[in-house]
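Report on one structure; see the data block that follows.
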Amino acid sequence: MVEYVLRTHSVSKQYKHQLVLNKVNLTIKKGSIYGFIGQNGAGKSTLIRLVTGLACPTMGKIELFGQNNERELIEARKRIGTIIEGPALYPHLSAAENLEAHRLLKGIPGKECIQKTLEIVGLQDTGKKKTKNFSLGMKQRLGIAIALIGDPEFLILDEPINGLDPMGVVEIRELLKKLNHEYGITILISSHILSELHLLATHYGIIHKGELLEQLTVNELNKKCQQYIHIKVDNPDRAATIIETRLETTHYEVLPDGTIKLFRYLDTPGKVSKTLSDEGLIMEQFMPMGEDLESYFANRIGGVHHG
Amino acid sequence: MDNLLKFEFFKLRKDRSFWTLVYGLIASAAFYPMLIFFNDGAFSSELVSVKELYTYTALGGNNYIVRLVPCIQAGFFISSEYSIGTMKSMTASGNSRFRLFSSKLLVFSIGAAIISLIFPIVITGITAIFSGFNDMPELSYFVRTIGLTILYASAFSAIMALVAIIFTDSGKTIGFLILFFILFDSILYALSQKFSLFETIFNYSVFKLFLDISKPNIGNGEFLKLLLVPVMTFIVIGLIGSFVFQRKEIK
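Protein chains in written order, with the numbering used here: chain R, 94 to 400; chain B, 5 to 255.
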């Protein structure tokens, strides 16, 4: 049976007359890295704020580790670690002192976890240096360390790579992969940097203007983003036969409108067009196509009309 | 709750604004008796009555300290948690907001109580040493006034914590609280002169009763009133603060 870490049931949030979230049904499976994609103001942070208890939904239910009443949710939040809109640090304290404060906050016995957590994020040598003097990358890593204290099963990271330099981004990505693979931590990560999410996430949720447009796995996304040759001819059935017999491939798809998606011969499209033309087919459209996550996202949100 | 109290104490111990206030007050309190002892360039402490100095200078001067100095602490200790983002991690930590606010209020009150005791204790201590323990206040009077000072400091700190939890900016909190504590009792007093309802409110308010704690002779009924009003204020305002915090969206 699939185990869900987080499920939201028709969650809506309204501020005065503005509907910020509209009946969002989001599901995150245990062990996944869920990339939460959306423009500024799409509702990502609002949903994260509802899940973490910073605000209450106007309608709908939040289910965290299978718990959904208020008291149970408070208890369930002990099993999560968060970075919400930037790392929450006491600037006049050192990295170890910040972790000590959060250890006490979470009621974790023993101080051993502090050194262990600092080692995981590579901040074990920062000594008494105050966090206000840390670089942005160090602050983000410390933010993740704070989220990690108490061995959470679920990490909620709102824009954890914002403002990082390329090396910092790589460091955080590798760290999150390690946490997911080695420690089995489920991660919800929201980011504007879609190319980065593409290297990390196993599942995606696309939110736009408060509506969750789509949830898909990385395989589904790759399939949707797959490169192909878009072909439209006067006789698609015959074209399909020619593709199989003359071009000797079955890696194609005929869509209901007669358009053919050919997933082979991407390097030699001329051979395809010549073969089809030689067989007397009239070519109406012929072009290589495909999307990356960014263009898929842009197309996805561009295709939605709101009244 | 135990872990939250430890968490708040840890922060108080590491809070530089708190220690700056404490050291500043200790230095002022230590310096103040010297102004009395050094007269025309000569040191004379023989005629100084510790009792009088304690009653009028230490407790009288402490009136402003108890009501104004912890306002600064409220801004830095409570409101600043919003701006640095730690209020979010606290709220998302799996602790109920009632417990979060209660522990914050308790530890903040202890901080305010420490601040409120510096002036009377340091001034009295130094004066006693230099004057050779001349005309010391009675122990029962000293204990009673110190105890009541702690209670009133706690009652005021509940009001400060309520404001600090509403305002999410330390500057706004400090500014509002200082103005409030400077003006509110005068406004309440003015209203009490015109309306009997406000007269009752004023007479049973911590703002009025705090001025009575240094009275040398207090009857049992009055003492009970001096004792109960700050306790009730602390509980009622604390519950209101908790209610407000539970409904507040943390930004």
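C-beta: ideal position from N, C-alpha, C; glycine also.
The stretch 229 to 243 of chain R / the stretch 187 to 205 of chain R touching (three or more Cβ pairs under 8 Å): Three or more Cβ pairs closer than 8 Å define a contact, and the stretch 229 to 243 of chain R meets that threshold against the stretch 187 to 205 of chain R.
G225 (chain B) Cβ short of 8 Å to the ligand HEM heavy atom set: The model on display carries no ligand, and the ligand HEM is accordingly not part of it.
Option nearest L25 (chain B) by Cα separation, candidates B:S113, B:I76, B:Y68, B:F35: Counted from its first residue, the second sequence places residue 25 (chain B) at position 21. The candidate whose alpha carbon is nearest that of L25 (chain B) is B:I76.
Local conformation of Y183 (chain R) per DSSP, three classes: Translated into positions along the first sequence, residue 183 (chain R) becomes position 90. In the structure shown, Y183 (chain R) adopts coil according to DSSP, grouped into three states.
Environment of H399 (chain R) [buried if 16+ CB atoms lie within 10 Å]: For the purposes of this step, residue 399 (chain R) is taken as the residue at position 306 of the first sequence. Note on H399 (chain R): pLDDT 39, under 50, position unreliable in the model; the coordinate value appears next. Under the 10 Å beta carbon count, H399 (chain R) is surrounded by fewer than 16 other beta carbons and is classified as exposed.
Distance, Y27 (chain B) Cα to M152 (chain R) Cα: In the first sequence, residue 152 (chain R) corresponds to position 59, counting from 1. In the second sequence, residue 27 (chain B) corresponds to position 23, counting from 1. Cα atoms of M152 (chain R) and Y27 (chain B): separation of roughly 51 Å, rounded to the nearest angstrom.
A194 (chain R): contacting residues in chain B (beta-carbon distance under 9 Å): As a working mapping, residue 194 (chain R) is identified with position 101 in the first sequence. Simply F11, F14, K15, K18, T90.
Same chain, Cβ closer than 6 Å to I106 (chain R), neighbours up to 5 away in sequence not counted: For this step, residue 106 (chain R) is matched to residue 13 along the first sequence. In the sequence under discussion, the amino acid at residue 106 (chain R) is Lys, which differs from the Ile named in the question. A distance below 6 Å between beta-carbons, with the five flanking residues on each side excluded, links K106 (chain R) to the following residues of its chain, in chain order: V113, L114, T139, P150, T151.
For G174 (chain R) and D327 (chain R), the rounded distance between their alpha carbons: One-based indexing of the first sequence puts residue 327 (chain R) at position 234. One-based indexing of the first sequence puts residue 174 (chain R) at position 81. For D327 (chain R) and G174 (chain R), the distance between alpha carbons rounds to 57 Å.
Chain-ordered chain R contacts of N67 (chain B) [CB-CB under 8 Å]: Numbered from its first residue, the second sequence carries residue 67 (chain B) at position 63. None at all; the shortest Cβ gap to chain R is about 31 Å.
Spatial neighbours of T343 (chain R) in its chain, beta-carbon cut-off 7 Å, leaving aside the 5 residues before and after: Residue 343 (chain R) sits at position 250 when you count from the first residue of the first sequence. The answer, listed in chain order, is E337.
Of the residues R:H274, R:Q160, R:L355, the one placed nearest T101 (chain R), counting alpha carbons only: Along the first sequence, one-based indexing puts residue 101 (chain R) at 8. Minimum Cα distance to T101 (chain R) is reached at R:Q160.
For P141 (chain B), three-class secondary structure by DSSP: To locate residue 141 (chain B), count along the second sequence from 1; it is residue 137. Coil.
Neighbour list for H185 (chain R) in chain B, Cβ cutoff strictly below 8 Å: For this step, residue 185 (chain R) is matched to residue 92 along the first sequence. Correct list: K18, R20.
Alpha carbon of T153 (chain B) to alpha carbon of L110 (chain B), nearest angstrom: Start at 1 with the first residue of the second sequence, and residue 153 (chain B) comes out as number 149. Start at 1 with the first residue of the second sequence, and residue 110 (chain B) comes out as number 106. Distance between the alpha carbons of T153 (chain B) and L110 (chain B): 16 Å.
Beta-carbon proximity of S246 (chain B) to F105 (chain B), cut-off 9 Å: Working through the second sequence from its first residue, we reach residue 246 (chain B) at position 242. Working through the second sequence from its first residue, we reach residue 105 (chain B) at position 101. Cβ atoms of S246 (chain B) and F105 (chain B): closer than 9 Å.
Test: V397 (chain R) CB closer than 9 Å to a CB of chain B: Here the question's residue 397 (chain R) lines up with position 304 in the first sequence. Note on V397 (chain R): pLDDT 41, under 50, position unreliable in the model; the coordinate value appears next. Among the CB atoms of chain B, none fall inside 9 Å of the CB of V397 (chain R).
Close-in-space but distant-in-sequence residues of the same chain around I141 (chain R) (CB under 7 Å, 5 per side omitted): The count along the first sequence starts at 1 and reaches residue 141 (chain R) at position 48. Non-local beta-carbon contacts of I141 (chain R) in its own chain, meaning distances under 7 Å to residues more than five positions away in sequence, involve I177, I249, D251, S283 in chain order.
Expected contact under 8 Å - CB spacing of S84 (chain B) and D139 (chain B) to nearest Å: Numbered from its first residue, the second sequence carries residue 84 (chain B) at position 80. Numbered from its first residue, the second sequence carries residue 139 (chain B) at position 135. Not quite, the Cβ-Cβ distance comes to about 44 Å (not below 8 Å), so this is no contact.
Other residues of its chain near G230 (chain R): CB distance less than 6 Å, five sequence neighbours each side excluded: Here residue 230 (chain R) refers to the residue found at position 137 when the first sequence is read from its first residue. Hits under 6 Å: L257, G261.
Close-in-space but distant-in-sequence residues of the same chain around R357 (chain R) (CB under 7 Å, 5 per side omitted): As a position in the first sequence, residue 357 (chain R) is number 264, starting the count at 1. Excluding residues within five positions, the ones whose Cβ falls inside 7 Å are T342, H344.
For D96 (chain R), three-class secondary structure by DSSP: Taking the first sequence and counting its residues from 1, the one referred to as residue 96 (chain R) is at position 3. The question names Asp, yet the displayed sequence has Glu at residue 96 (chain R). It is coil, neither helix nor strand.
Option nearest L16 (chain B) by Cα separation, candidates R:E165, R:E190, R:A169: Sequence index remark: in the second sequence, residue 16 (chain B) carries index 12 (1-based). For the residues R:E165, R:E190, R:A169, the minimum Cα distance to L16 (chain B) belongs to R:E190.
Proximal residues of chain B, C-beta to C-beta of L281 (chain R) below 9 Å: The residue you call residue 281 (chain R) lines up with position 188 of the first sequence. Within 9 Å Cβ-Cβ: nothing; L281 (chain R) doesn't reach chain B, min ~13 Å.
9 Å Cβ cutoff, E142 (chain B) in contact with chain R: The count along the second sequence starts at 1 and reaches residue 142 (chain B) at position 138. Closer than 9 Å: no.
Extent of the continuous alpha helix (DSSP H) run through G115 (chain B): As a position in the second sequence, residue 115 (chain B) is number 111, starting the count at 1. Run containing G115 (chain B): 101 to 135, per the alpha helix (DSSP H) assignment.
Counted within 10 angstroms of its Cβ, other Cβ atoms place I29 (chain B) as buried (16 or more) or exposed: The residue labelled residue 29 (chain B) in the question sits at position 25 within the second sequence. Going by the sequence as given, residue 29 (chain B) is Leu instead of Ile. Looking at its Cβ environment, which holds 16 or more other Cβ atoms inside 10 Å, L29 (chain B) is buried.
Chain R within 9 Å of K255 (chain B), Cβ atoms only: Translated into the one-based positions of the second sequence, residue 255 (chain B) becomes position 251. At least one chain R Cβ lies under 9 Å of K255 (chain B).
S105 (chain R) (DSSP reduced to helix, strand or coil): As a first step, residue 105 (chain R) is located in the first sequence; it is residue number 12 there, counting from the start. DSSP places S105 (chain R) in strand when its eight states are reduced to three.
For S161 (chain B) and A116 (chain B), believed in contact at Cβ under 8 Å, the rounded distance: What you label residue 116 (chain B) is simply residue 112 of the second sequence in a count that begins at 1. What you label residue 161 (chain B) is simply residue 157 of the second sequence in a count that begins at 1. About 4 Å separates the beta carbons of A116 (chain B) and S161 (chain B), which is inside the 8 Å limit, making them a contact pair.
Continuous beta strand (DSSP E) assignments of at least 3 residues falling wholly in the stretch 285 to 367 of chain R: Fully enclosed beta strand (DSSP E) runs of 3 or longer: 296 to 301, 304 to 310, 321 to 326, 345 to 347, 353 to 355.
Amino acids of chain B, ordered along the chain, whose beta-carbon sits closer than 8 Å to that of A148 (chain R): Locating residue 148 (chain R) in the first sequence gives position 55, counting from the first residue. Within chain B, the residues near A148 (chain R) are E253, I254.
Cβ of K171 (chain R) within 9 Å of any chain B Cβ: For the purposes of this step, residue 171 (chain R) is taken as the residue at position 78 of the first sequence. Chain B contact via Cβ: present.
Residue of R:G383, R:R331, R:L211 minimising C-alpha distance to V347 (chain R): Here the question's residue 347 (chain R) lines up with position 254 in the first sequence. Measuring from the Cα of V347 (chain R), the nearest candidate turns out to be R:R331.
Residues in the stretch 195 to 214 of chain R having any Cβ partner in chain B nearer than 9 Å: Legend: CB atoms of the stretch 195 to 214 of chain R lying less than 9 Å from CB atoms of chain B belong to residues H195, R196, L197, L198, K199, G200, I201.
Validate contact between the stretch 125 to 132 of chain R and the stretch 284 to 299 of chain R using beta carbons, cut 8 Å, 3 pairs: Cβ pair count under 8 Å is three or more, so yes.
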